[in-house]
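Here the numbering used here is used: position 14 in the sequence shown is 511, and no number is missing along the way.
Glycine included, C-beta positions come from ideal geometry on N, C-alpha and C.
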Amino acid sequence: MRDITVPSTRRFRSSVRAVVGVVAVATVVGCAVSPKVVDPSSTTLPGVPTNRPGSHAETITVGNVERTFSTYVPAGLGAAPVPMVVMLHGGFGSARQAESAYGWDAMADAHRFIVVYPNGIGRSWNAGTCCGPAMKRNVDDVAFITQVVASVERRHPIDRKRVFVTGMSNGAMMAERLACETTVFAAVASVAGAQMVPCDAPSPVSMLHIHGLADHNVPFDGSQGTGRATVPVHPPVTRTIDAWRRIDGCSAPVVTVEGVVTRSVSTCENGRGVELVTVAGAGHQWPGSKKSRPIAAKALGIDQPSTAMNATDEIWSFFEAHPAPA
């Protein structure tokens, strides 16, 4: 669907099973390269007992580069397969920051699933036509994240029809790239992100996009951003969502408005869904997350999170309702 793409580059599609933005500390994003295929059997990972509860720092080697991530396992998981959520931090963020800020560990405790928090190179992701150390170093983040998923699946009982990915800002851009270039995830959720890579012929996937309409870092209308990392012109969010509705074979959206929150919801073929949630007056932030310290927010130009909704609640409800088709 060329109406949601930037100029075409070589696509990568992973068969492994497995934004720009301000997070709690600052803002940066990544750029597009053609990832090379990496054999997941080449990964290395220190031994961690299956389902040992708590948060575990882990290491994996991808293309001779050592990468890190954290895995959170709720207490009391048995042998039955459980869902997995991959949470991608925003620019200048980290696995630790994302785990602290967005409430996914508590959600995992309540709903019995595993959360994975990868670390980007230089606190950034190679997510599209934009910014950051990951772009400059041509980092193969598609291979990294798909191999993280495969590694966790080898270590824990994971329901392969319920593997999901979400992200904030630069991490949301990375999540959208994964939607276009892999078949790993049942559903994808983007918060304050954009489609920054070609997406000519993706496989169908459930898609949720959450965006503040006053976001100047990653503008909703696709114009150039004015944040610390200047996001280039990108497809408007509405165009990207319309394209996913065509890809997924969706019905016309049903629109509801609750205060400043507008939801546009489509049901699609094979149980998939495509949803757009906007928050009027909200800037570049994860709604319902922890507030930044005022001094840091002022110094870095960070938008405080909207209290009109909780993005983590919204995303988990969407994921729970949209496993991969049988």
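Beta-carbon proximity of residue i to residue j, cut-off 8 angstroms
i      : j      : result
Val559 : Ala676 : no
Glu596 : Ser621 : no
Leu574 : Gly664 : no
Ala711 : Gly780 : yes
Trp783 : Tyr599 : yes
Gly624 : Met581 : Inspection of the sequence shows that residue 624 is occupied by Ala rather than by Gly. No, the pair does not count as a contact, with Cβ atoms beyond the cut-off.
Ala821 : Ala683 : yes
Gly770 : Ser761 : no
Val645 : Pro615 : yes
Val751 : His706 : no
His819 : Gly746 : no
Val662 : Val694 : no
Residue nearest to residue i in terms of C-alpha spacing, selected from the options
i      : options                        : result
Gly778 : Phe717, His706, Thr663         : Phe717
Thr804 : Arg659, Gly709, Ser748         : Gly709
Phe589 : Ala607, Thr753, Gly629, Met806 : Gly629
Val776 : Ala808, Thr680, Arg674, Asn623 : Ala808
Glu772 : Phe816, Gln801, Cys696, Val730 : Phe816
Val583 : Ala603, Val562, Val612         : Val612
Thr643 : Gln801, Arg790, Glu678, Ile799 : Glu678
Val688 : Ala669, Val730, Ala607, Met704 : Ala669
Arg725 : His608, His713, Val752         : His713
Ser703 : Val562, Ser552, Trp813, Asn548 : Trp813
Asp810 : His553, Lys788, Asp638, His608 : His608
Pro701 : Gly690, Val681, Ala603         : Val681
Ala603 : Ser552, Gly690, Pro791         : Ser552
Cβ-based burial, residue i [other Cβ within 10 Å; buried from 16]
i      : result
Thr727 : exposed
Gly756 : exposed
Ala521 : Residue placement at Ala521 cannot be trusted, given a pLDDT of 37 that sits under 50; what the coordinates show is reported in the next sentence. Answer is buried; the Cβ neighbour count reaches 16.
Val649 : buried
Val591 : The residue you asked about is not Val; residue 591 is Ser in the sequence shown. Answer is buried; the Cβ neighbour count reaches 16.
Gln721 : exposed
Pro571 : buried
Val715 : buried
Ala823 : exposed
Asp800 : buried
Glu766 : exposed
Val562 : exposed
Any non-hydrogen atom of the ligand HEM within 7 angstroms of residue i CB
i      : result
Gly756 : This structure lacks the ligand HEM; in fact it carries no ligand of any kind.
Same chain only: Cβ atoms within 7 angstroms of residue i, ignoring 5 sequence neighbours per side
i      : result
Pro654 : Ala576, Ala577, Pro578, Val579
Ile618 : Pro630, Ala631, Arg634, Val636
Met806 : Val758, Val776, Pro784, Gly785
Pro550 : Val570, Pro571, Ala572
Thr753 : Arg760
Gly719 : Val730, His731, Pro732, Pro733
Asp656 : Pro578, Val579, Pro580
Phe610 : Val579, Pro580, Met581, Val582
Trp444 : Outside the displayed range of the chain (498 to 823) lies residue 444, so it cannot be described from this structure.
Beta-carbon proximity list for residue i, same chain, < 6 angstroms, skipping 5 on both sides
i      : result
Arg564 : Ile557, Phe641
Gln692 : Ile501, Glu673, Pro732, Thr737
Residues near residue i in its chain [Cβ-Cβ closer than 8 angstroms; skip 5 each side]
i      : result
Ser748 : Ser763, Thr764, Cys765
What ranges does the alpha helix (DSSP H) occupy inside the region 553 to 604, keeping only unbroken runs of at least 4 residues that lie completely in it? Scanning the region 553 to 604 for uninterrupted alpha helix (DSSP H) segments of 4 residues or longer gives 592 to 598, listed from N- to C-terminal end.
Complete runs of the beta strand (DSSP E) confined to the region 688 to 718 [at least 3 residues]: 703 to 709
Identify every run of the alpha helix (DSSP H) within the region 754 to 804, keeping only runs that are complete inside it and at least 4 residues long; order them along the chain. Segments of the alpha helix (DSSP H) lying fully in the region 754 to 804: 791 to 797.
In chain order, which beta strand (DSSP E) runs of at least 3 residues are fully inside the region 648 to 692? 655 to 665, 684 to 688
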